[in-house]
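Novice: The numbers in this note's numbering rise by one with no breaks, and the one at position 29 of the sequence shown is 197.
Think of the CB as a built atom: it goes at the ideal place given N, C-alpha and C, for glycine as much as any other residue.
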Amino acid sequence: MSTQSTTAPTGSPAPDFTLPRVGGGEVSLSSYRGRPIVLGFLRGFA
169 MSTQSTTAPT
179 GSPAPDFTLP
189 RVGGGEVSLS
199 SYRGRPIVLG
209 FLRGFA
């Protein structure tokens, strides 16, 4: 998993990224291109 930090200007498309699926495998943002989605990011505190 990448720890690269990228910032997109407000109103611009989100940069593509890939994350692990809970059940195995991976999913990329680009696989949802053309469909409306909601992105939510949570930060856990240790």
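Tell me, to the nearest whole angstrom, how far the beta carbon of residue 195 is from that of residue 207; I am working on the premise that it is less than 8 Å.
Specialist: Against the sequence shown, residue 195 aligns to sequence position 27. Against the sequence shown, residue 207 aligns to sequence position 39. Contact flag wrong, Cβ pair sits at about 12 Å.
Novice: Measure the C-alpha to C-alpha separation of residue 197 and residue 213 and round it to an integer number of angstroms.
Specialist: Translated into positions along the sequence shown, residue 197 becomes position 29. Translated into positions along the sequence shown, residue 213 becomes position 45. When rounded, the distance between both Cα atoms is 25 Å.
Novice: In the structure shown, what three-state DSSP assignment does residue 197 receive?
Specialist: Taking the first residue of the sequence shown as 1, we reach residue 197 at position 29. Three-state DSSP puts residue 197 in a helix.
Novice: Between which two residues does the beta strand (DSSP E) carrying residue 187 extend?
Specialist: Indexing the sequence shown from 1 puts residue 187 at position 19. That run of the beta strand (DSSP E) goes 186-188.
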